[in-house]
Every structure is written in C-alpha cells, then in structure tokens.
DNA sequence: ATTATTTACGTAAGTACTTACATAAATAAT
DNA sequence: ATTATTTATGTAAGTACTTACGTAAATAAT
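Chains as they are written, first to last, in our numbering: chain A, 1 to 316; chain W, 317 to 632.
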C-alpha cells in the first residue's frame, strides 16, 4: 500500500475489516444464530446485565441507530428482551434472555480464544499498540484533525484567499499591482506602450475582446491579479500576472494561474501562451510547474523585455 | 469504550471513520467536485501517471469493484480519463485529465496540511505507531487471526466436540461412563438400585418417558453423557452427567449441560432440577455457573448420596 | 403552569465498502 | 490448434455502518 500518512485512515480501516471479517467467519463456523456484527453488543450485555440503547452506543463508540438495528435483530432471534423503564418511559432497558445467556456461555471458549489471539498478535508487534491506539482514538475526536488543518491553512492565509473575475472597482488595483512588479524588475526600462494600453483600459482591451481578468482577494483587499487575453478562438495569452510583495509566498500566483487556465479550458482554448522575462525566476518556475513548456519565439513580441516564450497545451 | 482486545477492530474502525470524515469535511469546505472517498485514488493517479484498475486496488488494499465505482465517478466529473490498452485489450489505463491535474494542484496546500497534521498528531502519541500499524496490517492478513484461534481451540479439542442425542449404539457408553464416576466417588456405597434401573434401560426409563440423553463425541468416541428426565410437563431433572477422566478439562460437561438446558427450554419446561453430592465440587461449580441455585430438599430423594438439591428457573 | 429545550429512541435514506457472480481477453496446458 | 485456466474488468446485491429527521417523554426556564 502507498505509505502516505494521509492514507493512515484507510490502512486502519483495512485492518479493522480484516479483524472483523475473521471473527465473523469464526462465529459462522460455530453456527451462531445472530449476525456477527452483534457480538460487541452481546459482550456489553453480558458484562452489564441491564443497559439502555444509548448506553451501549456510548460504550461501543457507535451511533444509537446502529444499536437500535442490532438490538432489534437480537430480539428477533430471542437473545435479548426489551423492557420499557417504568421510571422514565423513554428508556428501553435491554437484557439477555436465558437463551442468550446460554448461547453466550457456549461461545465462551471461542471468545476467550479470540481475545487471547488478538492480544498476542498485537503484543508480538508492539506491546504499546493497544494503549497508543486508545490514546489516538481520544486525541482525534471532536474534529481536532480538521481544526488543526484549518488553523495551519489560516496561518498561511491559504484558506482565506478568494479569486474573483473582473469588476470595475478593481480597475485601479489592476494598474497598481502590475506597476509594482514592473517597477521593481524593469525600473530602468520604464513602462512600455503596450503596458499602458492594457493597464489603462482593461475593460476595453481585455474583457470586451473576450478575455478575462482575475483578482485575488485577501481580507477584502486585492493582493494579486492575472489576465487572460484572447488571441483567437483557439489560443489565449496569460499576462499581467502579479502579486503584491506583502502577500507573496501564499500560493496566490498559482491560484490565479489555475483559475485562468480553468477559464481558458471552459472557452475551448487549445493553447495558452505567455511571454515573460528571465528575470522573473519564481514566475517561470510556477509556469513550468503548471505544465507550460518553453518554446522558441516565433515572432518578435510586443514587449522588449519579454525574452522567454512558453506554451501550455490544453488539447488533452 | 469497553476496553476488550476483542473490540480492538471496532476501535480501529472508529478512528478510521473519524479521520476519513474529517478529511471529507475539509474537502467539502474547498468545494471539490469529486466525492471525498475518491481522494486516495486521485493521490495514486497523481503519483503514478498511468495505472490500471487492479493496480490501484492493490496499492490501496481495496477490492477492484470499489476502484471501478470510484474511477467511474472521477471520469464522470472529468478528473480522469479511461483508455483501453492496445497491447492487452482487457486493461483499462487511467490517467488524470488536465482538469484533474489542475484541481489537484489547487488542493495541494490542503493535502500537505492534512499530511503534516496527521503525521504530527500520531507522532505526539507514539512515534512508532505508523510503523507498528503497517506491521499489524501485514501480520493480520491471510486469515492468520482466524487460523490461530482455530488452532488454539483444536489443541483443546474444543472445536471437535459434537453433542448428539440418544442412539441405541450409545447405550453401553451411557452405562460405562456413569459407572466410572460412580465408582470413583462412591466406591464404598456401590451402585444404588435407581442407578441400575436407569443405566440398564435408558430407552425405556428416560427416552420413552419424554426425556433425552445427550452424548459428547470426540474423535468418534463417546467421552461424556448427560440425561434429561421428565418429571412432569413443567419440570425436568438433569441427571447422569459424566465425562470420562481422559477428556476432562475441555468444557465437555458445560456443553452437555447447555444442550440439555436448551432441550428443556424447547419443551417449554419451567424448572430444571438436579440432585448431586457435595463430593462433586467441579460439577457443583458448573451448575452454579449455569445459573442453578441451591435449594433445600423438599422431599427425600431416591439416591442416598444426593445431599444437594439445585434448581434452574427457565420461566424468563 | 406554560413554554422551551433536551433526551431517548425510532425510521428512512445515504455512504463506502464488500462478496458473489459474469464475461471477454490472454495465457498455459494438452 | 484446442481446450482449460487465469486475469482484468464489470455489475448486482449485500453489509455495516452513518447522517438527517421525527416524535414522545422528561427537564429546565420563564
């Protein structure tokens, strides 16, 4: 089996299934009249004399409907009887019938045998195992796992980032964010004409021509952006990808790019192109990670700084 | 929860269910398009590129129909595609679609978060646990548990003892076995008249009067016997219970008595009586264990040696 | 005393698997 | 070359639970 911790639960289930099914086979060999799954309930009843449904459910860590189903079955085969409590009329008290007691007594050697064997198999592996599993059972309850994962994601703000499409109110953010990285990396060169055209008229130049602009929102503030520009019916360009410095390292670029790719796929696009610069190392790695391949530029591009050309094939 | 080793499997299942359901909740929070149970399959696919159904089943330790169901679902939501192998036309090769890859990439922070959290929760409890569980998974396969239990029972002959009702061919055994213990414990007194009557004519004196005699068979030989004698429609007597010395300690007396009690219950008997002697300590303990209560003798009984009178109430 | 909430149980429907069985293609045995 | 066996997948039905929801009785709150 794939040994990933995330699959630990799957592995536990398999072991549990294996134990349960082997015990079931042993019970069937003994021609017991009850369904094997009722054994745990019978063991509780044997121990406790008179208990109600909720108590059994709690003792076994199961839900009450499960116990209702099992006890109805045990009643039908005559192993237990149901008595309504006179003190509290909601409560159903359960106890073994004479037949139930007798049959359980007959099963005692088998039960002891299973008990001993389970214990010895476990002890041969790790004498601490039963104790550790008990602790794990207590530790993992109450959605502890879920909450810890959420906390971890929240610390990285990963859980709070939303990606939304273009709205007019984001127009200024679009310009701001792109200016930020352009200035940082290409201060000397300054903004090119093409930059100005897109940044000043995103609606006219991108949206109305069949493209889209996505914005990453964190705490109600725009922290990243990314545009998809339509070239023709089969190819779009990924451009104007930027994340504010403060918000970097939160996978925002990846989320934006993935949303953009999803958009392109929905539009039936076969090829997604992009132009970037060797200066933007992190971006290039992200693109490669997403499946973009570097190709030789076929044509001179509009931007002087763009020396690297990449393509993502979406025809699969 | 009741801390019996026999319920170890139940406990494992609960932990597994808890882990799985918490991961499912996290996935649902992220609005994934696939059913949570498909995650393990997706993780395999992410790792392996192109695999077939049986391979996934083996990697995850599940049956192939489970994988068929999950992969059909993943295909329907567009996360994977099915390709028939050209080399072997039976084989279905599975691989992630672009959409599947993209969505998995988007989930990566969550998956890493779960991975880390599961690992740390487990390590906080017992750094050896994952390894021990892995070993247990391997150790418990192939019906090892079942076979070891069967071996244990077989060593005590517990699995091989059969209880059968009276047949003529057992008549001599009935006499022999009862003589054995009568001689051992009551040598001086010798056989009483009542003994002779029952031992010499079991059919006439017991069977034909609505009673029954049970025999315990081990390796085709009679090793124990026990009679139920009808007193009236509501009360029977348990008598002539004996197990050969060689076969003692195998719970044969208990099995015989339980069969006898079952017979009485089937006949609608309300009270099962027996007379025994204080010399027979083991027998008295067995009777008590089965629910018989000692009462004061109401009448002088037929046997001089019988000083103890017991009753079992079957009206419950 | 009345109303609201909680508790104990019951029922229906869903989930995530399993076992059992069927079929076509590939491989092994004759 | 046939026939038998094995393998890879598919399908139906069963198992052992769960969640979601409903009801009546008990308890708490006003």
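Here a beta-carbon is modelled for each residue, glycine too, at the ideal position from N, C-alpha and C.
Indicate whether at least one CB of chain A lies closer than 8 Å to the CB of residue 329/W. yes
Among residues of its own chain, excluding the 5 on either side of residue 1/A, which ones have a beta-carbon nearer than 6 Å to its beta-carbon? At residue 1/A, the pLDDT of 48 sits below 50, so the modelled position is not reliable and the matter cannot be decided from this model.
Of the listed residues 624/W, 572/W, 588/W, 334/W, nearest to residue 607/W (C-alpha basis): 588/W
I'd like the span of the alpha helix (DSSP H) that includes residue 397/W, first residue to last. Careful: residue 397/W lies outside any alpha helix (DSSP H), inside the beta strand (DSSP E) at 396-400.
Cβ pair residue 158/A, residue 250/A closer than 8 Å: yes
Top-ranked residue by Cα proximity to residue 350/W, from 391/W, 328/W, 596/W: 391/W
Taking 8 Å as the cut-off, decide whether the C-beta atoms of residue 110/A and residue 469/W are in contact. yes
Reduced DSSP secondary structure (H/G/I, E/B, other) of residue 378/W: coil
What's the gap between the Cα of residue 42/A and the Cα of residue 71/A? 9 Å
So, for residue 304/A: in the same chain, excluding its five sequence neighbours on each side, which residues have a beta-carbon less than 8 Å away from its beta-carbon? 189, 192
Short of 6 Å in beta carbon distance, which residues of its chain neighbour residue 224/A, apart from the five on each side in sequence? Order them along the chain. 216, 243, 252, 256
Pull up the DSSP beta-bridge partners for residue 530/W, would you. 481/W, 542/W
Assuming residue 396/W and residue 380/W form a contact by the criterion Cβ under 8 Å, report the distance between their Cβ atoms to the nearest whole angstrom. The pair is not a contact, with the Cβ atoms about 16 Å apart (cut-off 8 Å).
With a threshold of 6 Å on Cβ separation, who are the neighbours of residue 96/A within its own chain once the five nearest residues in sequence on each side are excluded? 45, 80
Start-to-end residues for the alpha helix (DSSP H) that takes in residue 77/A: Where residue 77/A is concerned, there is no enclosing alpha helix (DSSP H), given that its DSSP letter is neither H nor E.
From 208/A, 186/A, 221/A, 132/A, pick the residue whose C-alpha is nearest to that of residue 228/A; which is it? 208/A
Name the two residues that bound the continuous alpha helix (DSSP H) containing residue 547/W. Per DSSP, residue 547/W belongs to no alpha helix (DSSP H) and is neither H nor E.
Sheet register partners of residue 281/A (DSSP bridge): In the DSSP output, where bridge partners are listed per residue, residue 281/A has none listed.
Here's a check: name, in chain order, each residue in its chain whose Cβ is nearer than 7 Å to the Cβ of residue 546/W, leaving out the five neighbours to either side. 525, 526, 527, 552
Check the Cβ of residue 126/A against every Cβ in chain W and list those closer than 7 Å, keeping chain order. 444, 448
Is residue 619/W helix, strand or coil by DSSP? coil
Looking at the unbroken alpha helix (DSSP H) that takes in residue 501/W, where does it start and where does it end? 487-502
Range of the contiguous alpha helix (DSSP H) that encloses residue 441/W: 414-441
Chain-ordered residues of the stretch 452-470 of chain W with a beta carbon less than 8 Å from chain A: 452, 453, 455, 456, 457, 459, 460, 461, 462, 464, 465, 466, 468, 469
For the stretch 443-460 of chain W and the stretch 492-502 of chain W, state whether three or more C-beta atom pairs, one from each stretch, are separated by less than 8 Å. no
Please identify the residue among 6/A, 12/A, 20/A whose C-alpha is closest to the C-alpha of residue 322/W. 20/A
By the criterion of Cβ-Cβ separation under 7 Å, what are the contact partners of residue 265/A in chain W? 414, 415
Pull up the DSSP beta-bridge partners for residue 52/A, would you. 93/A
Reduced DSSP secondary structure (H/G/I, E/B, other) of residue 276/A: strand
Does the pairing of the stretch 113-125 of chain A with the stretch 322-331 of chain W give three or more beta-carbon distances under 8 Å? yes
Under 8 Å between the Cβ atoms of residue 479/W and residue 530/W? yes
Using a beta-carbon distance below 8 Å, is residue 1/A in contact with chain W? Because the pLDDT at residue 1/A is just 48, under 50, the model does not fix this residue reliably, and the value given afterwards should be weighed accordingly. Judged by the 8 Å Cβ criterion, residue 1/A is in contact with chain W.
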